[in-house]
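Data block below; observations after.
In UniProt numbering, the protein residues as written are 1 to 308.
Here's what the structure looks like:
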C-alpha cells in the first residue's frame, strides 16, 4: 500500500497534472497540434535521445545480463502484436499504432521513478532500468518509427522517410561522443540539455491537448487489446523468458518489473505525426497508465516473492 501511494503521488499525479494542463490549454486556446507534433519530433526527441545516450554509462557486465532478455522479449512482443493485429483484421494504419502500443514502453518518466522507489537500497536494480530505458529508446526510434512511417510509404520510400528523422542521427552522435569521451563545450551542452529537459512537459501537454476532445464512450476492441497486451501479456512473456534464461535475484526482479510499465508516450506522438489513428493512440497511453497503477503494484509484489 505504501509503494502504491508513493507511485500515485510521485509518478501518476505529476503526469496527469501536465496532461490536464494540456487539455485545459487546448480547450481554451485551440493549440496547433501539427506544430506541437513537429516540435516534439524534430527538436525535443532528438535532444532527449542524444542526452540519454551521452550521459548514461552502460556497463558491459550489466548489458551481458539483460541484453538477451530484452531482445527475446521484444521479438516475442513484436510477433504477438502482429499476430493479434492480423487476426483482428486491423487496417495497416491501425495495425501500426496497435503494435507500437504493445511493444513500446514508458521506461522513462514512469519506469525510472518506479525503479528508484523499488530499488532504493539496491543500485543494481536502477542500473538495469537505465539499460532498459536506453534499449527502449533505440527500439522506439527504429522499430516504432519505421512502423509508423511505413504505413503510407512502402519499401525504399519508407526507408528514405525513416532516415530523414533527426532522432536517428542524434542517437548515433550520442553513441560516438560517449564512446570517444568527447567533452562538449558548455555553450553547446547547456541548450541541448535544457531542450531535453523540456521534452517531458511538452510531450505530456501535447498528449493532454490530444485527449481534450476524446469521448471514451466504450472500450473499443483495439483499446482493450492494447491494454491487455501491454499490461498483462508482456509480464507473462517476461517471466517466461526469465525462467528460460535462468535469471535470478535483482536482475530477474528488475526485468520483470520493467516489462509491466504502460504504453510509451512516443507511440502517441508517432501516431499524431504520421496520422495513424492518433485518438486511439492517446487513449491507449492514458488507459494503460491508469490501469498500470494496479498491475505494476501486483508485478512488484510478485517479483519480490518469485525472485528473492
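Even glycine gets a Cβ: it sits at the ideal position worked out from N, Cα and C. Computed from a predicted model, the values in this text were never measured in an experiment.
Distance between beta carbons of residue j and residue i, contact taken as under 8 Å
i: residue 39; j: residue 31; result: That pair is no contact at about 11 Å.
i: residue 250; j: residue 288; result: No, residue 250 and residue 288 are not in contact; Cβ-Cβ is about 26 Å, not under 8 Å.
i: residue 151; j: residue 276; result: 6 Å
i: residue 198; j: residue 305; result: Residue 198 to residue 305, Cβ: 40 Å. No contact.
i: residue 211; j: residue 23; result: 6 Å
i: residue 97; j: residue 280; result: 6 Å
Test item: CB-CB of residue i and residue j under 8 Å
i: residue 245; j: residue 84; result: no
i: residue 229; j: residue 114; result: no
i: residue 104; j: residue 267; result: yes
i: residue 19; j: residue 272; result: no
i: residue 81; j: residue 141; result: no
i: residue 195; j: residue 47; result: yes
i: residue 231; j: residue 284; result: no
i: residue 111; j: residue 129; result: yes
i: residue 165; j: residue 99; result: no
i: residue 302; j: residue 261; result: no
i: residue 247; j: residue 69; result: yes
i: residue 133; j: residue 107; result: yes
i: residue 37; j: residue 269; result: yes
i: residue 131; j: residue 66; result: yes
i: residue 29; j: residue 177; result: no
i: residue 73; j: residue 241; result: yes
i: residue 33; j: residue 209; result: yes
i: residue 265; j: residue 172; result: no
Residue span of the alpha helix (DSSP H) that contains residue i, given as start and end
i: residue 140; result: Premise fails: residue 140 is in no alpha helix (DSSP H) and is neither H nor E.
i: residue 253; result: 249 to 258
i: residue 88; result: No alpha helix (DSSP H) contains residue 88, which DSSP labels as neither H nor E.
i: residue 179; result: 166 to 179
i: residue 233; result: Taken as a continuous stretch (DSSP letters only), residue 233 belongs to no alpha helix (DSSP H), as it is neither H nor E.
i: residue 208; result: 186 to 211
i: residue 299; result: 278 to 306
i: residue 227; result: 221 to 228
i: residue 272; result: 265 to 274
i: residue 112; result: 112 to 118
heavy atom of the ligand ADP below 7 Å from residue i C-beta
i: residue 169; result: Questions concerning the ligand ADP fall outside what the structure shown contains, since it holds no ligand whatsoever.
Original post:
With contact counted as at least three CB pairs below 8 Å, one residue from each stretch, are the stretch 115 to 125 and the stretch 247 to 254 in contact?
Top reply: In short, these stretches touch, since the Cβ pair count reaches three.
**OP:** Let me know the alpha helix (DSSP H) ranges lying completely inside the stretch 6 to 64, each 4 residues or longer, listed in chain order.
**Re:** 13 to 29, 33 to 39 and 45 to 55
Subject >> Validate contact between the stretch 126 to 140 and the stretch 88 to 97 using beta carbons, cut 8 Å, 3 pairs >> reply: Cβ pair count under 8 Å is below three, so no.
Original post:
Are the stretch 227 to 241 and the stretch 283 to 300 in contact at 8 Å, needing three or more beta carbon pairs?
Top reply: yes
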